[in-house]
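J.:
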Amino acid sequence: MDKVDWNQLRAFLETAETGSLSAAARKLGQSQPTLSRQVAALELALGVTLFERVGKAMAITATGLELLGHARVMGAAAHELGLAAAGRSEEVEGVVSVATSDAVAAYLMPKILLHIRQAAPGIQVEVVASDGFSDLLRREADIAIRHVRPEQPELIGRLVRQSSACFYASESWVREHGLPRTAEQALQHDFIGLDRTGHYLHHLRGQGLLLSSTNFRSYADNSVTYWEMVRQGLGIGAIMEEIARETPGVVRVLEDVPGFSLPIWLVTHRELHTARRIRIVFDLLAEILA
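One point on numbering: in numbering that gives the first Met the number 0, the residue at position 260 of the sequence shown is 259, and numbering is uninterrupted.
1) I'd like to check one pair, R145 with V266: are the Cβ atoms closer than 8 Å?
2) What are the residues that DSSP puts in a beta bridge with S163?
3) Ignoring anything shorter than 4 residues or poking outside the stretch 93–141, list the alpha helix (DSSP H) runs there in chain order.
4) Looking at the strands, I want to know which residues DSSP matches up with S169.
5) Using only alpha-carbon positions, find the residue among C165, H201, Q29 and V252 that is nearest to V173.
6) Going by Cα to Cα distance, which pick from R276, R275 and I263 is closest to T99?
7) Could you pull out every residue in the same chain whose Cβ sits closer than 8 Å to the Cβ of T48, ignoring the five residues on either side in sequence?
8) Check whether the Cβ of A243 lies closer than 7 Å to any heavy atom of the ligand SAH, and answer yes or no.
9) Among S260, Q206 and L66, whose alpha-carbon lies nearest the alpha-carbon of L12?
10) Could you compute how far the alpha carbon of M0 sits from the alpha carbon of A22?
11) Please report the Cβ distance between L283 and A118, rounded to the nearest whole angstrom; I am assuming they are in contact, meaning their Cβ atoms lie under 8 Å.
12) Measure from the alpha carbon of A164 to the alpha carbon of each residue in V103, N214, D189 and R157, then state which is nearest.
13) Could you check where the beta strand (DSSP E) with E51 kicks off and where it finishes?
14) Ignore the nearest five residues each way along the sequence and tell me which others in V57's own chain have a CB closer than 7 Å to its CB.
15) Please state whether the Cβ-Cβ distance between F166 and V256 is less than 8 Å.
16) With distances taken from CA atoms, which of I122, V38 and P32 is nearest A274?
17) When burial is assigned at 16 or more other CB atoms within 10 Å of the CB, is W226 buried or exposed?
18) Between P179, E125 and R269, which lies nearest to Q151 when the distance is taken from Cα to Cα?
19) If you drop the 5 nearest sequence neighbours on each side, which residues of the same chain put their C-beta closer than 8 Å to that of S30?
20) If we cut at 8 Å on Cβ distances, does E175 have a partner in chain B?
21) So which of G46, E241, V229 and L261 has the shortest CA-CA distance to V249?
22) Below 8 Å on the Cβ atoms is my contact criterion, and I expect I191 with I242 to pass it. Report the Cβ-Cβ distance as a whole number of Å.
23) Taking only the alpha-carbon atoms, compute the straight-line gap between G205 and A182 and give it to the nearest angstrom.
24) Mind checking which residues open and close the alpha helix (DSSP H) that includes I238?
25) In whole angstroms, give me the CA-to-CA distance for N6 and V97.
26) Let me make sure I understand the geometry here. Which of V53, G197, L193 and L210 has the alpha-carbon closest to that of Q291?
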C-alpha cells in the first residue's frame, strides 16, 4: 500500500489510545459510526485486523500494537506541523483559548475579557475552566494562567506578579461565630476542604494551622463550589485576594495567620507565541493581570 489516509490512521490512533470508539469519536468531534467506518477501511486497506471487540471496549490486536508506534510518530509529526503553522499565523482575528482555574474563570475573567474585547475586537477568547492543568503541548489551550512556573522546555512563561490567598468567611458566619484571628482560635472552627486525601490539610498545617480532619465538615473539589460554600456560611476558606475583593458579603479572618503565596504565571507554547493573535492576548493578559 503506497498511501495511508491520515483520517483513517488518526481514527485508529485515537481508538487505540482511548480504548473505545465512542471515546475516540468524542475526542475527534465525529460520530461513532463514521469513526468505525474509518477504522474498518484502514483494516481493509492494510489487510490486517487492528482491533477485537471485547464487550463495549476495543482491544488492540498484536498486529495493531506493532503498527501503533508508527501511527504515534505520524500523529506527533502532524501535531508539530499544526503548531508550526499556527505559530506563523499573522492574523489578528480568530479564537484564542485561555485555560485557568474554575474560580479565576468565574470571578476574574469576565472583566478581563471586556478589556481584551476593547483592545482587540477581532479576537474571540475561549475560556477553558478547569482546576486541573490543561495540556498546552497537546493544544488543549493556547495560553494558561497558572500558579507554578512551567518546566517543559517547549513552554515559555512570564511571571506577571506575586499574589496571595488569605482566609475568609461570610458575614453571617462571623456574626454567629465571632472573628477568629489566630491559629489557636482557628482550631475551634469549621473549614471547607478542597480534597479528602489530606493534601490540603497538610498544606494548611504548613501555614501553622494545626487542624485535624474533624475541622472539615464540608468538601468541594471544584473551586467555584468551594468558594460558594464559604460565601453561604459553611465555614472558613482560603481564596485569592483578588477574588475576595470581587465577592460581597465575605470578611477576612485569621489575620494573624500568614497567607499563601500565589505567583501568577502566563504560559504558552514557544511556537504559538509567534502567532500574532496569541501574542496579542498573551501581552494583554500580562498587562491586565499585573
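We put the CB at the ideal spot given by N, CA and C, even for glycine.
T.: For this structure:
1) Counting from one through the sequence shown, the residue named residue 266 turns up at place 267. Counting from one through the sequence shown, the residue named residue 145 turns up at place 146. Against a cut-off of 8 Å, the Cβ pair of R145 and V266 comes out as a contact.
2) If you number the sequence shown from 1, residue 163 lands on position 164. The partner list for S163 (beta bridge, DSSP) reads S260.
3) 101–106 and 108–118
4) Along the sequence shown, one-based indexing puts residue 169 at 170. DSSP output for S169 lists V249 as bridge partner(s).
5) As a first step, residue 173 is located in the sequence shown; it is residue number 174 there, counting from the start. When each option's Cα is compared against that of V173, the closest is V252.
6) To locate residue 99, count along the sequence shown from 1; it is residue 100. Residue I263 is the option with its Cα nearest to T99.
7) By 1-based counting over the sequence shown, the position of residue 48 is 49. Only E42, T60, T62 and G63 meet the Cβ criterion.
8) The ligand content of the structure shown is nil, which means the ligand SAH is not present either.
9) Working through the sequence shown from its first residue, we reach residue 12 at position 13. Of S260, Q206 and L66, the residue nearest in Cα terms is L66.
10) As a working note, residue 0 is residue 1 in the sequence shown. As a working note, residue 22 is residue 23 in the sequence shown. Any answer about M0 is weak, because its pLDDT of 47 lies below 50 and its placement is not dependable; what the coordinates show is given next. Between M0 and A22, the C-alpha separation is close to 29 Å.
11) On the sequence shown, position 284 is the one that residue 283 refers to. On the sequence shown, position 119 is the one that residue 118 refers to. The Cβ separation is near 6 Å, so the contact holds.
12) On the sequence shown, residue 164 is found 165 positions in, with the first residue counted as 1. Among V103, N214, D189 and R157, the Cα nearest to that of A164 is on V103.
13) In the sequence shown, the residue the question calls residue 51 occupies position 52. E51 -> beta strand (DSSP E) spans F50 to V53.
14) Numbered from its first residue, the sequence shown carries residue 57 at position 58. Here the sequence assigns Met to residue 57, which means Val is not the residue at that position. Cβ neighbours of M57 beyond the five flanking positions: T14, G18, S19, L20 and F50.
15) One-based indexing of the sequence shown puts residue 166 at position 167. One-based indexing of the sequence shown puts residue 256 at position 257. It is a contact, given that the beta carbons lie within the stated cut-off.
16) If you number the sequence shown from 1, residue 274 lands on position 275. If we check each option's Cα against that of A274, I122 comes out closest.
17) Reading the sequence shown from its first residue, position 227 is the one you call residue 226. W226 should be labelled buried.
18) As a working mapping, residue 151 is identified with position 152 in the sequence shown. The shortest C-alpha separation from Q151 is found at R269.
19) Indexing the sequence shown from 1 puts residue 30 at position 31. Closer than 8 Å at the Cβ level, and outside the excluded window around S30, lie A24.
20) Reference to chain B is not applicable here, since this structure consists of a single protein chain.
21) For this step, residue 249 is matched to residue 250 along the sequence shown. Out of G46, E241, V229 and L261, V229 has the C-alpha closest to the C-alpha of V249.
22) One-based indexing of the sequence shown puts residue 191 at position 192. One-based indexing of the sequence shown puts residue 242 at position 243. Contact doesn't hold; Cβ gap of about 14 Å is too wide.
23) To locate residue 205, count along the sequence shown from 1; it is residue 206. To locate residue 182, count along the sequence shown from 1; it is residue 183. One C-alpha to the other measures close to 12 Å.
24) The sequence position of residue 238 within the sequence shown is 239, counting from 1. Careful: I238 lies outside any alpha helix (DSSP H), inside the beta strand (DSSP E) at G236 to M239.
25) Position 7 of the sequence shown, counted from the first residue, corresponds to residue 6. Position 98 of the sequence shown, counted from the first residue, corresponds to residue 97. Distance between the alpha carbons of N6 and V97 is about 28 Å.
26) Residue 291 lies beyond the stretch modelled for the chain, which goes from 0 to 289, so this question has no answer here.
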